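Going by the working numbering, the first residue of the sequence shown is number 384, and it counts up by one from there. Every residue, glycine too, gets a C-beta built ideally from N, C-alpha and C. Given the structure is predicted, the values throughout are model-derived calculations rather than measurements. Notes follow the structure.
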Amino acid sequence: MKLSIVGMQTAGSLGDVAANLVELRAAAREAKSGGGELLITPEMFLTGYNIGDHVFELAKQNLIQMVQEIAREEGIAIIVGLPEHDAGRFYNSAVFLDEDGVVRGTYRKTHLFGSLDRNSFASGQQLISTVDYRGVRLALLICYDVEFPETVRAAALAGAHAVIVPTALMTPYDFIAEQVVRARAWENQIYIAYLNHDGTEGDLSYVGRSSIIDPTARVLDSIVHGTRLLTAVIDTEIVDEARRINPYLDDRRVDLYDRSVAGQPV
């Protein structure tokens, strides 16, 4: 099976939900006209990431409903990064809506990065979230999550063909986008779509460097700085072939891993 995905790299509009919705609709329309089936935004795209306590007010708006309308009217699935408010807690979340605007999955960032995350958000309690869409299994992570090998390996073991990573990677961590993400794709023979902000938000300077990587660590599309839509096709047959040629998942010595992974002496 094949799925055409489109990812946004953009500076967005910090704290301006209305402006970001306008940009999202324009991107959805462009993606759809080019044959895209799924549009992916950066982390916290709808509000901006570095917005301090303003996030609490914005998270209580009907943000998901606003994106549902765009997905439904433009006829394209969307994975959107936004703050989520639930049962008195706030989460840094990624929500998957299909082309009918139906919520098919929600992922809450589990690995919180520094005070920027920890001062605002609770940690999600589900290591990954998977969504089956048009014959392709997608796993959702957010930014810092992908820097932990266990998360992408869990996605691969759950049968995912691709990992979708809305991100807000800032300087001086360029090497994460350039090297670590490709390594994760290679380690697990899996597609990774890594979509970042560009420009600045307050004292943060984003590195850009969004990319879509295939299961052999080949870069299918990428951009350093600027605003652009990235495109690629997720092909499940390529995943299967990559795992046949490089059978890392089959060759694991799981009989030896339990103690070492838990940090116990081996």
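Residue C526 holds the alpha-carbon nearest to the alpha-carbon of L499 among C526, E482, V514, R517.
Only exposed fits E456, as fewer than 16 other CB atoms lie within 10 angstroms of its CB. Contact between L587 and M553 is confirmed by a C-beta separation of about 5 Å, below the 8 Å threshold. Contact between T493 and D528 holds: their C-beta atoms lie close to 6 Å from each other, under 8 Å. In terms of Cβ geometry, Y631 and I596 do not form a close pair [threshold 8 Å].
Around the beta-carbon of R601, fewer than 16 other beta-carbon atoms lie within 10 Å, marking it exposed. Ranked by Cα distance from N445, the options D481, L404, N629 are led by L404. Around the beta carbon of Q572, 16 or more other beta carbons lie within 10 angstroms, which makes this residue buried.
The alpha-carbon separation between T513 and I559 amounts to approximately 23 Å. Where F439 is concerned, the enclosing alpha helix (DSSP H) starts and stops at 437-442. A contact between stretches requires three or more CB pairs, one per stretch, nearer than 8 Å, and the stretch 604-618 fails this requirement with the stretch 632-640. Comparing alpha-carbon positions, the option among I606, D604, G458, G542 lying closest to T619 turns out to be G542.
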